[in-house]
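Trainee:
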Amino acid sequence: MKKLSARRRHPLAAVVVLLLALAATGGLYAAFAPAGTAKADETAQSLAIEEGKKLYSVGCASCHGTGGQGTTDGPSLVGVGSAAVDFQVGTGRMPAQQPGAQVPRKKVIYTQAEIDQLAAYVASLGAGPITPTEGQYSPDGADIAKGGELFRTNCAQCHNFTGEGGALTHGKYAPSLEGVSPKHLYEAMQTGPQNMPSFPDTTMPEKEKKDIIAYVQAVNSEKADNPGGLKLGGLGPVSEGLFAWIFGLGALIAVAIWVAAHTAKAKKS
Amino acid sequence: MSTQEIPEENLPAGQDAAHGAVKVADDPFADPGLPPHKPRIQDIDERAARRSERAVALMFTLSMLATIAFIASYVIFPVDQIVYIWPFGRVSALNFALGLTLGAALFFIGAGAVHWARTLMSDVEVADERHPIAASPEVKAQVMADFAAGAAESGFGRRKLIRNTMFGALSLVPLSGLVLMRDMGPLPEKKLRTTMWAKGKQLINMNTHEPLRPEDVAVGSLTFAMPEGLSEHDHHFQTEIAKAALMIVRIQPEDIKDKRELEWSHEGIVAFSKICTHVGCPISLYEQQTHHVLCPCHQSTFDLSDGARVIFGPAGHALPQLRIGVNDKGFLEALGDFDEPVGPAFWERG
Amino acid sequence: MSTVTDTKKAPAGERVADWADGRLGIYTLAKANMRKIFPDHWSFMLGEICLYSFIIIILTGVYLTMFFHPSMNEVEYAGPYVPLQGQLMSEAFNSTMHISFEVRGGLLIRQIHHWAALIFLAGMFVHMMRVFFTGAFRKPREINWLFGFLLFFLGMFTGFTGYSLPDDLLSGTGVRFMQGAILSVPVIGTYLSMFLFGGEFPGGDFVARFYSAHVLLLPGIMLGLMVAHLILVFVHKHTHFEGPGRTNKNVVGMPLLPVYMAKAGGFFFLVFGVIAVIAAIASINPIWALGPYRPDQVSTGAQPDWYMGFAEGLIRVMPGWEINLWGHTLVLGVFIPLVIFPLVLGAIAVYPFIESWITGDKREHHIAQRPRNAPTRTAFGVAWITAYMIMLVGGGNDLWATHFHLSINSITWFVRIFFFAGPVIAFIITKRICLGLQRRDRDKVLHGRESGIIKRLPHGEFVEVHEPLSQGELYKLTAHEQYQPAELPPAVDENGVERKVGRMEKLRVKLNKGYYGEDNQIAKPTVEEYKEIQSGHGHH
């Protein structure tokens, strides 16, 4: 029973489902995609741009301008590339709901197909980072330990040791990396969304990005081990201190009250 | 601390008055004395007492079982076995089992003992008299006399030569201990003022360990560099990188407000020390839109587009900038060491 | 009892005791202490939590020393934890990894050791506050208060040197902070730093040096202090709260043998058990997630353990003042917090002496006061805790910012202002509350307890029936002592000679009035008042 229940909850279950889904999508795509002619590709591409433009004018143009040139409410999208669109829309950050210190991650409102169309349109405005392929971001076979070292050099200062997130100035923050897909991790490093600096391939090659993704997956995901028990948010001494006070000292004081209390007296008999 | 006498009337009255001596009718607030002892159920009902006895024995037995379970867990679970236990997550089976069984084994000993004390041992409250901590005047007089006799016999007050030389010897002898501390570390000399950076040293990317080219560094990107010739395997790597760590960003030259910063940059590529000038944390929370960099330790904030001056927090001065250029192979290189000490300020910094 | 003339052989236990008595004098010792009385109150057991967690720390600490290598030599990790394999790290970190992943039960002992340390310090803090708010630091216990304070202070540094030993990225950042703080010391700072670290930071020496401080020097001193602390508890006998039969001249409770032997002995196992369970279910200082220390790496959320959070707060919210004069730098932005840190802690340490100077009371006190009956002291204590807590908030400002969606800059400003304003507000509010509670006690004594029973009088009025208090309760609520405010002596003495009153004495009288003057305490009911009201009660 225990084994079964453990498997049911096994974090790999999610990965297996994801892989199956990816395989199915890929298979379907392969089945329906026009067989490898450049012309057909081009047509599909221009079709996507057309569709993307329509989506864009409805959902994005009010802030980013009708031609993606940017307004006072939103930056120019010329040259941000399809990777930026895939990240921003794919994590639900765009379209933004309200102005604030930072645009938060939200529920995604576009389908992946729509996102791809939007990305294709924005990419057509000017050259920029291209949405990575699975071969680029998949952490399979990457060096986790090297990724850890790179993570501590390049990422941990904002995102914490294991990617739990952290504060920046004036209400801005580096978000938690828990549950962020490898593709979006890759795109974030590549494009530097909002106030995050970018880590382009010239200074951090693709392989190193993979290492980092593998590390994040290993330490901050469903399948990450916490041998010591509750990880208390992975936030370090502050949450440990709160735990020690509330549950440690709290429990001990409760015990002390029991030890010192007078035993119930016999009722008058 | 004042030693003058306090007028008696300012001290609360009655603290030392004999409690319970006054008749209740006269003084409604008088101390009625210890209330009579009321028996517990265990005191009057032998069956209840037996129940308590069994409960205590049960707890001691549970402790024994828990210790056996502890030993069994130690043998059964491999040290690297991970299990999923709600709500704790994927935890070490061994740690979890050992901790719980050890905890139970200890807790039940304690719980048994306390339950025993609470239900079966006498719970009659007893009063113990207190006695003044200070000695009686007679004792004090005796001690003073003894001391005076001892002091006189030693001749300490009379033979001043002995006294003075003894004080001299005693105050000098700790000096040897102090002198021995000298080799705890070297003198500061210029150590805090120099780093490994020197004219012509290429900027090595910390990620790839390759020298950086200007075209590698994109606007809005963040890169860390160390000086050419330093390797993570070097004996002094930690000490060197603690001073030489470099943070490289590229800012549109027209956005750079500080004249010297622009001059020391290469086409908008600026290199600043990664070591915070507050207490030395590696500062690098770079916000590429505002060009602010925040220290994760104490939140000093520096404006990298304005000579890295401090705009918030406890740091006292700007991050030192490294003057960089491009060598004939097209790689970024330092044009010298930092012109001021990196890291936290110190007395001799000036 | 067997006597010399007994021909029968005494039982074995007794013979062993006789043997020991002939050498150690244990019967005399036992006579004085075996039936020593300890009062029962949960708050009197807070000190025991500290004592027991200290013992647990020593036991587990000894175990850890068998596996820990206090060395900073670089090695490549080859253990079972995949995300660190092949990484360079110090032997200290490597051996801590070994304890955590390869020694069976090593992780548990490490976690017990660290959790017990946090609880030890938290326990000392609460214990100290209990002693403070009940006035249990008054004569003859001032020295024991200082011993306790020193234990807390040394405990902080023992903790600091302890969590720095694994040489992980988090603690290394803390050590770097400490080095930066040492550098800020005027004139000798640079030398101190060079001597402490054996050269430039981080060098290769500090783990070994911290190790000897952590396992030998500091716990050695603490053990001595703790023994002295306990001896004084035995000599002074424990304080107890006011109540029927409990006076300043006695101590009421249960005897050491058997009740307290079982309760206190049992409590040790309870404390150990609870901490072991916590170590089983909650991870602490997972160094494998933090990674080995490198001075060019850092993580956000870099905080010390909670007891250093106060210092962390001070250093975080301090403005960056730096003065450069005559070729020297005065790093006030770091040095001022470094000075305030012991000063704030010292304020609570010297308080007993200040209070005894203000009251001028030289008598022994063995009654634990109710905090409400010492409003000014209670208010001072709450103000002190407020300042401490505000700085703890400051020390965690980045986490408050992310978890409550606030700006880190606003929190810093809040802390800067409320470090000064908070204690004042807390002082005023606490004093009001204490006086309110004193008034309520007074009402209770004079009018009895509100029974909740509503009675309708013949003429239609509804009144709540007040039940008179029992004799014991009346005593309990009126037994506390109240000082009369001090007065300056008349300007001229009885001979008409002008009296000189020193400035200190004037200050003392002023402070004394602040403690016991009008509006600073509520006069407890007198017998006359009580009798008058009781006799008039029928007319209600």
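Protein chains in written order, with our numbering: chain A, 81 to 349; chain B, 63 to 412; chain C, 7 to 546.
Heads up, the beta-carbon is just placed ideally off N, CA and C, and yes, glycines get one too.
Who are the Cβ neighbours of Gly400(C) in its own chain at under 6 Å, not counting the five residues just before and after it?
Mentor: Excluding residues within five positions, the ones whose Cβ falls inside 6 Å are Gly319, Arg322, Val323 and Val421.
Trainee: By DSSP, does Ala111(B) sit in helix, in strand, or in coil?
Mentor: Helix at Ala111(B).
Trainee: Spell out a yes or no on whether the stretch 214-226 of chain A and the stretch 281-291 of chain A are touching, meaning 3 or more CB-CB pairs, one atom from each, closer than 8 Å.
Mentor: Yes: at least three Cβ pairs fall under 8 Å.
Trainee: With DSSP as the reference, label Met260(C) as helix, strand or coil.
Mentor: Strand, per DSSP.
Trainee: My output table needs one value for Ala313(B): the three-state DSSP class, helix, strand or coil.
Mentor: In the sequence as presented, Ala is not what sits at residue 313(B); that position holds Ile. In this structure, Ile313(B) counts as coil in the three-state DSSP scheme.
Trainee: Judging by CA-CA distance, which residue of Asp173(C), Ala286(C), Lys437(C) and Val132(C) is the nearest neighbour of Arg300(C)?
Mentor: Looking at the Cα atoms, Asp173(C) is the closest of the given residues.
Trainee: Quick one: is the Cβ of Asp320(B) within less than 7 Å of any heavy atom of the ligand GDP?
Mentor: This structure does not include the ligand GDP; it has no bound ligands of any sort.
Trainee: Lys461(C) lies in the beta strand (DSSP E); which residues open and close that run?
Mentor: From DSSP, the beta strand (DSSP E) with Lys461(C) extends over Arg455 to Arg462.
Trainee: Which residues in the same chain as Gly145(A) place their Cβ atom closer than 6 Å to its Cβ, once the five residues preceding and following it in sequence are excluded?
Mentor: Once the five neighbours on either side are set aside, the close Cβ partners of Gly145(A) are Thr151.
Trainee: Measuring only the C-alpha atoms, how far is Glu493(C) from Asp89(B)?
Mentor: Cα to Cα, Glu493(C) sits roughly 30 Å from Asp89(B).
Trainee: Could one say the Cβ of Leu463(C) lies closer than 8 Å to chain B's Cβ atoms, at least one of them?
Mentor: Not closer than 8 Å to any Cβ of chain B, the Cβ of Leu463(C) fails to qualify, so no.
Trainee: How far does the alpha helix (DSSP H) with Pro262(A) in it reach, from first residue to last?
Mentor: Start and end: Pro262 to Thr271.
Trainee: Which chain A residues sit within Cβ distance under 8 Å of Met51(C)?
Mentor: Within chain A, the residues near Met51(C) are Ala336, Val339 and Ala340.
Trainee: Tell me, please, which residues DSSP counts as bridged to Ala247(A).
Mentor: BP columns for Ala247(A) point to Tyr253(A).
Trainee: Looking at the secondary structure, which residues open and close the alpha helix (DSSP H) in which Asn150(C) lies?
Mentor: Start and end: Glu148 to Tyr169.
Trainee: Taking the straight line between their C-alpha atoms, what separation do you get for Gly251(C) and Val258(C)?
Mentor: Each residue's alpha carbon lies about 8 Å from the other.
Trainee: Leaving out five residues before and five after Phe218(B) in sequence, what residues of the same chain have Cβ atoms less than 8 Å from its Cβ?
Mentor: Excluding residues within five positions, the ones whose Cβ falls inside 8 Å are Ile224 and Arg225.
Trainee: Helix, strand or coil for Lys345(A) per DSSP?
Mentor: It is a strand residue.
Trainee: Using the DSSP secondary-structure output, state which residues sit across from His560(C) in a beta bridge.
Mentor: Residue coverage of chain C in this structure runs from 7 to 546, which leaves residue 560(C) outside it and unanswerable.
Trainee: Which residue wins for smallest C-alpha separation from Thr363(B), given the options Glu320(A), Cys140(A) and Ala247(A)?
Mentor: Taking only the C-alpha atoms, the option nearest Thr363(B) is Ala247(A).
Trainee: Starting from the C-beta of Phe132(B), find all residues in its chain whose C-beta is less than 7 Å away, skip the five residues before and the five after it, and write them out in chain order.
Mentor: Contacts found: Leu160, Thr163, Leu164 and Ala167.
Trainee: Starting from Glu194(A), follow the alpha helix (DSSP H) in both directions and report where the run begins and ends.
Mentor: Gln192 to Leu205 is the extent of the alpha helix (DSSP H) around Glu194(A).
Trainee: Mind checking which residues open and close the alpha helix (DSSP H) that includes Val372(B)?
Mentor: Val372(B) -> not in any alpha helix (DSSP H); beta strand (DSSP E) instead, spanning Arg371 to Phe374.
Trainee: Residues of the stretch 84-105 of chain B with a CB closer than 9 Å to any CB of chain C: list them in chain order, please.
Mentor: Listed by position, the residues of the stretch 84-105 of chain B near chain C (Cβ gap below 9 Å) are Val86, Asp88, Asp89, Pro90, Phe91, Ala92, Asp93, Pro94, Gly95, Leu96 and Pro97.
Trainee: If Ala333(B) sits next to Leu265(B), beta carbons under 8 Å apart, how far is it from one beta carbon to the other, in whole angstroms?
Mentor: Rounded, the Cβ-Cβ distance is 7 Å, consistent with contact.
Trainee: Name, please, each residue of chain B whose Cβ falls closer than 7 Å to the Cβ of Ala282(C).
Mentor: By Cβ distance, chain B contributes Gly161, Leu164, Gly165 and Leu168.
Trainee: Quick one: using the 10 Å Cβ neighbour count with 16 as the cut-off for buried, is Ala103(A) buried or exposed?
Mentor: Result: exposed.
Trainee: Closer than 8 Å, CB to CB, is Ile333(A) near chain C or not?
Mentor: So, interface residue.
Trainee: Out of curiosity, what's the CA-to-CA distance linking Trp363(C) and Glu206(C)?
Mentor: If you take the alpha carbons of Trp363(C) and Glu206(C), they lie about 48 Å apart.
Trainee: List the endpoints of the continuous alpha helix (DSSP H) containing Asn306(A).
Mentor: Premise fails: Asn306(A) is in no alpha helix (DSSP H) and is neither H nor E.
Trainee: Are the C-beta of Thr343(A) and some C-beta of chain B separated by less than 8 Å?
Mentor: For Thr343(A), the answer is yes, since a Cβ of chain B falls inside 8 Å of its Cβ.
Trainee: Which residues, in chain order, does the stretch 164-180 of chain A contribute to contact with chain C at a C-beta distance below 9 Å?
Mentor: Listed by position along the chain: nothing, the set is empty.
Trainee: Pro199(B) by DSSP, collapsed to three states: which one?
Mentor: Correct three-state label for Pro199(B): helix.
Trainee: Let me check one thing: in DSSP terms, what residues is Asp166(A) bridge-paired to?
Mentor: For Asp166(A), which the question treats as bridged, DSSP gives no partner whatsoever.
Trainee: Quick check: what's the CA-CA separation for Leu332(A) versus Ala285(C)?
Mentor: Roughly 14 Å between the two C-alpha positions.
Trainee: Could you tell me the alpha carbon to alpha carbon distance between Phe51(B) and Leu356(B), rounded to whole angstroms?
Mentor: No answer is possible for residue 51(B): the residues shown for chain B start at 63 and end at 412.
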